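Residue numbers (our numbering), protein chains in the order written: chain Z, 499 to 706; chain P, 654 to 984. Just so it is clear, CB atoms sit at the ideal spot from N, CA and C, and this is done for glycine as well. Keep in mind that this is a model prediction, so the values were computed, not measured.
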Amino acid sequence: MFKRWLRGYDKEEAALKAMHEHLQLMCMANDALGDLIRREETSRAETIYDLEREGDMARRHALSIIFEGAFLPYLRPSLCRFVELVDQAFDTLEDTARFFERISLHDAIADECRTITSLNKEMCEILRLAFQRAIHGEDIREQVLAIRILEKRVDDLKAEINQKIHDIPVGDFWQGKFYADFLDSLTTFSDHIEDASDALYVLTVSFR
Amino acid sequence: MWRILGGLFLGWSLGANHSANIFGTAVASGLVRFSQALWLTAAYVVLGAVMEGAKCMSTYGKLALVHADTAFILTLSTAVTMTMLTRAGVPASTSQALVGAILGWSIVEASPDFSQLTRIVLCWTLTPISASLSSAFLHRALAKLVVDRITSFSARNRFYSVAVLLTGCYAAYGLGANSVANVTGIYVTSGLLNTNVGAIIGGLSIALGVLTYSGRVMMTVGKGIVPLDPFSAMVVVFAEAVTLHLFTQIGVPVSSSQAVVGAIVGIGVAKGLQTINIRVVLKIGLGWILTPVCAGALTLAVHALLMLTGVASLNSLFAKALAFVSQLNLW
Chain Z
499 MFKRWLRGYD KEEAALKAMH EHLQLMCMAN DALGDLIRRE ETSRAETIYD
549 LEREGDMARR HALSIIFEGA FLPYLRPSLC RFVELVDQAF DTLEDTARFF
599 ERISLHDAIA DECRTITSLN KEMCEILRLA FQRAIHGEDI REQVLAIRIL
649 EKRVDDLKAE INQKIHDIPV GDFWQGKFYA DFLDSLTTFS DHIEDASDAL
699 YVLTVSFR
Chain P
654 MWRILGGLFL GWSLGANHSA NIFGTAVASG LVRFSQALWL TAAYVVLGAV
704 MEGAKCMSTY GKLALVHADT AFILTLSTAV TMTMLTRAGV PASTSQALVG
754 AILGWSIVEA SPDFSQLTRI VLCWTLTPIS ASLSSAFLHR ALAKLVVDRI
804 TSFSARNRFY SVAVLLTGCY AAYGLGANSV ANVTGIYVTS GLLNTNVGAI
854 IGGLSIALGV LTYSGRVMMT VGKGIVPLDP FSAMVVVFAE AVTLHLFTQI
904 GVPVSSSQAV VGAIVGIGVA KGLQTINIRV VLKIGLGWIL TPVCAGALTL
954 AVHALLMLTG VASLNSLFAK ALAFVSQLNL W
């Protein structure tokens with residue numbers, strides 16, 4: 499029985515490691531997206547797709563360890579919700595890169611888009627830090643608050659883009675659709691990160 | 654020896670019902686596997702009964718003089734009362750039902766010792782109070798001394814899973830040590846069984862109830878009670894175990910249900926009084942008053958029935974029944 503307990507301990511550590519890896523891959527992909535949008539380095543798009551595939555593997559690994567019995571059953575739904583929210587953010591990030599490849603960023607909204615990319619990157623790093631603090635039993639209130647403030651700034655920039663977007667000329671329906679989808683996924687990423695940080699906060703409070 | 658069937662029935666129903674107080678929340682929330690909970694409860698109930706069960710056995714004998722026939726009627730009436738109250742959804746106490754039955758019987762057959770009754774009733778009142786005080790104290794002390802110091806997520810998770818198992822085993826031990834007197838205590842005082850045999854038979858009958866019929870009750874209690882966080886669930890079981898163990902040392906059988914309810918109220922007090930549902934607490938309190946009254950009334954009814962039919966002893970009742978069956982020429 500003692501052996502089983504020790505094995506169980508490894509299981510939890512492995513699940514946390516996989517979750518951390520998932521988050522780290524998302525942050526790397528976010529950096530690549532920043533290069534793609536700011537410097538228009540098109541080769542970075544492939545990096546993002548590769549990282550997303552790796553992230554999927556890390557997500558599946560984390561979930562399978564949790565379903566195998568890592569952590570108290572009481573905690574499992576909250577942990578899985580956190581992993582799923584991070585994955586949604588990751589998927590949104592990949593979508594942003596795909597749509598960006600199909601459009602050319604108009605000067606009227608380029609600055610706002612680049613600022614959103616920087617804010618997303620910042621939020622991603624804060625979420626990673628919050629996760630590390632949470633698993634060591636530290637308070638993450640400050641990180642959660644910082645993510646909320648940054649998300650509000652993204653929302654404000656989204657409103658500014660929506661005001662300017664009427665003046666951007668669109669060649670055909672598909673070009674317009676890709677443009678709209680790009681802006682939508684670029685601004686939705688921060689919502690997913692905010693949801694993930696809230697889920698992480700609930701997780702730490704319920705496990706105190 | 655057939656007279657102990659009443660006690661076995663009572664032990665079986667006690668095991669089926671009260672095991673839910675030990676691993677109910679842990680099983681329902683998936684913390685402990687059902688089979689694991691069953692075998693651990695059964696093993697530790699028998700261990701508790703054998704090791705410390707004798708301490709509470711003489712208490713019922715001090716209430717009134719009980720004969721072997723009477724012991725059968727009393728345990729049967731108690732088991733029937735418990736079954737009826739359980740079906741009515743009232744959280745009932747076996748020890749209260751048994752004391753009610755003994756008093757009901759002794760009022761018409763012998764003079765009860767009310768000085769012992771005062772002591773027992775005082776302990777019934779003290780059970781939920783001491784359980785709530787223990788849980789409130791343990792909640793604060795353990796949080797400060799242990800849980801707050803375990804900062805790592807996975808280490809805290811491991812602590813909870815091990816602590817729930819350990820406190821569950823301790824509570825099962827406490828249940829066996831304290832409740833075996835309800836099952837075979839009056840057989841021991843009536844001279845039908847000796848203390849060790851009474852403890853073993855009583856412990857095994859409780860364990861049989863745990864192993865055969867506790868599943869539904871366990872899930873009902875586990876899912877019916879407001880879901881507690883792992884730490885509070887652990888503290889509730891720990892406080893229940895401490896309370897049962899404490900009352901075992903002074904030789905008074907008390908109710909594990911009362912201890913659990915008291916412990917949950919204690920958690921409510923520790924977290925803030927507004928979390929306690931007074932209506933539910935009052936309903937449970939009413940059940941605690943109803944239990945001995947119902948058991949006493951049922952025993953009086955059985956006594957009246959025996960008087961009306963002119964049966965002098967249970968042996969003559971069985972002789973009459975056998976004669977009647979043989980006249981039917983069934984074979």
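Contacts around residue i, its chain only, beta-carbon distance under 8 angstroms, and the 5 residues preceding and following it disregarded
i                 : result
Ile691 of chain Z : Ala587, Asn618, Met621, Cys622, Leu625, Ile645 and Glu649
Lys509 of chain Z : Ile563, Glu566, Gly567 and Ala568
Asp679 of chain Z : Asp593 and Phe597
Trp984 of chain P : Caution is warranted here: a pLDDT of 49 is assigned to Trp984 of chain P, below 50, making its placement in the model unreliable, and the coordinate value is therefore given only provisionally. Once the five neighbours on either side are set aside, Trp984 of chain P has no close Cβ partner at all.
Ile782 of chain P : Gly915
Ile853 of chain P : Val699, Ala702 and Val703
Ser768 of chain P : none
Gly553 of chain Z : His520, Leu523, Met524, Ala527, Asp585 and Phe588
Leu935 of chain P : none
Where residue i meets chain P, residues with beta-carbon distance less than 7 angstroms
i                 : result
Phe569 of chain Z : Asn810
Within chain Z, partners of residue i - CB distance below 8 angstroms
i                 : result
Phe676 of chain P : Within 8 angstroms Cβ-Cβ: nothing; Phe676 of chain P doesn't reach chain Z, min ~14 angstroms.
Phe806 of chain P : Glu510, Leu514, Ala632, Ile633, His634, Gly635 and Phe705
Tyr823 of chain P : Result: empty, since nearest Cβ-Cβ is about 16 angstroms, beyond 8 angstroms.
Tyr813 of chain P : Leu570
Close-in-space but distant-in-sequence residues of the same chain around residue i (CB under 6 angstroms, 5 per side omitted)
i                 : result
Arg536 of chain Z : Arg612
Lys656 of chain Z : Thr685
His518 of chain Z : none
Leu729 of chain P : Gly659
Ile633 of chain Z : Leu514
Ala825 of chain P : Ile675, Thr694, Tyr697 and Val698
Tyr823 of chain P : Ala894
Ser885 of chain P : Ile920
Ala697 of chain Z : Arg579, Phe580 and Leu583
Thr615 of chain Z : Gly532 and Ile535
Option nearest residue i by Cα separation, candidates the options
i                 : options                                   : result
Ala595 of chain Z : Z:Glu658, Z:Ile546, Z:Ala513 and Z:Lys675 : Z:Ile546
Leu523 of chain Z : Z:Ala512, Z:Ala632, Z:Leu549 and Z:Gly532 : Z:Leu549
Tyr713 of chain P : P:Met704, P:Ala696, P:Glu705 and P:Ala724 : P:Ala724
Ala512 of chain Z : Z:Asn528, Z:Asp554, Z:Ala560 and Z:Met555 : Z:Ala560
Leu867 of chain P : P:Ile657, P:Gly677, P:Arg656 and P:Trp655 : One point to set straight first is that residue 867 of chain P is Ser, not Leu, in the sequence displayed. When each option's Cα is compared against that of Ser867 of chain P, the closest is P:Gly677.
Tyr699 of chain Z : Z:Gln661, Z:Gln630 and Z:Thr615           : Z:Gln630
Ala556 of chain Z : Z:Ser695, Z:Glu582, Z:Pro667 and Z:Asp665 : Z:Glu582
Ala707 of chain P : P:Ile903, P:Asp882, P:Thr736 and P:Val752 : P:Ile903
Gln911 of chain P : P:Asn670, P:Thr952 and P:Leu663           : P:Asn670
Cys578 of chain Z : Z:Tyr677, Z:Lys675 and Z:Arg558           : Z:Arg558
Ile726 of chain P : P:Ser711, P:Cys709, P:Leu738 and P:Leu756 : P:Leu756
Asp801 of chain P : Z:Thr702, Z:Ala530 and Z:Thr540           : Z:Thr702
Met710 of chain P : P:Lys924, P:Ala789, P:Val752 and P:Asp722 : P:Val752
Val680 of chain P : Z:Tyr572, Z:Asp529, Z:Ala530 and Z:Glu538 : Z:Tyr572
Ala628 of chain Z : Z:Asp654, Z:Phe580 and Z:Trp672           : Z:Phe580
Leu959 of chain P : P:Ser672, P:Asp722, P:Leu939 and P:Leu791 : P:Asp722
Own chain residues within Cβ distance below 7 angstroms of residue i, not counting five before or after
i                 : result
Trp665 of chain P : Ser858, Leu861 and Gly862
Ala543 of chain Z : Leu534, Ala595 and Glu599
Ala890 of chain P : The amino acid occupying residue 890 of chain P in the given sequence is Val; Ala does not appear at that position. Ile675, Thr820, Gly821 and Ala824, listed in sequence order.
Glu705 of chain P : Ala830 and Thr901
Cys525 of chain Z : Cys622, Glu623 and Arg626
Phe812 of chain P : Ile803
Tyr840 of chain P : Ile657, Gly660, Ala724, Leu846 and Gly851
Neighbouring residues, chain Z, relative to residue i (Cβ below 9 angstroms)
i                 : result
Leu684 of chain P : Leu570, Pro571 and Tyr572
Asp882 of chain P : Tyr572, Ser704, Phe705 and Arg706
beta-carbon residue i near the ligand NAD non-hydrogen atom, thresh 7 angstroms
i                 : result
Asp605 of chain Z : Judged by which ligands are present, the structure shown has none, so any question about the ligand NAD falls away.
* Ignoring anything shorter than 4 residues or poking outside the region 780-867 of chain P, list the alpha helix (DSSP H) runs there in chain order. => Uninterrupted alpha helix (DSSP H) stretches at least 4 residues long and entirely within the region 780-867 of chain P occur at 806-842 and 848-866, given in chain order.
* Give the residues from the region 569-591 of chain Z that approach chain A closer than 8 angstroms (Cβ to any Cβ), ordered along the chain. => The structure shown contains no chain A; its protein chains are Z and P.
* Completely contained alpha helix (DSSP H) runs for the region 582-640 of chain Z, where each covers 4 or more residues -> Complete alpha helix (DSSP H) runs here, min 4: 605-633.
* Report the residue ranges of all alpha helix (DSSP H) runs contained in full by the region 680-741 of chain P; include only those spanning at least 4 residues, in chain order. => Counting only runs of 4 or more residues that sit fully inside the region 680-741 of chain P, the alpha helix (DSSP H) segments are 687-705, 707-716 and 721-740, in chain order.
* 4 or more residues per run - each alpha helix (DSSP H) lying fully within the region 500-545 of chain Z -> Within the region 500-545 of chain Z, the complete alpha helix (DSSP H) segments at least 4 residues long are 500-536, listed from N- to C-terminus.
* Which residue spans inside the region 670-706 of chain Z form an unbroken alpha helix (DSSP H) run of at least 4? -> The region 670-706 of chain Z contains these whole alpha helix (DSSP H) runs: 671-704.
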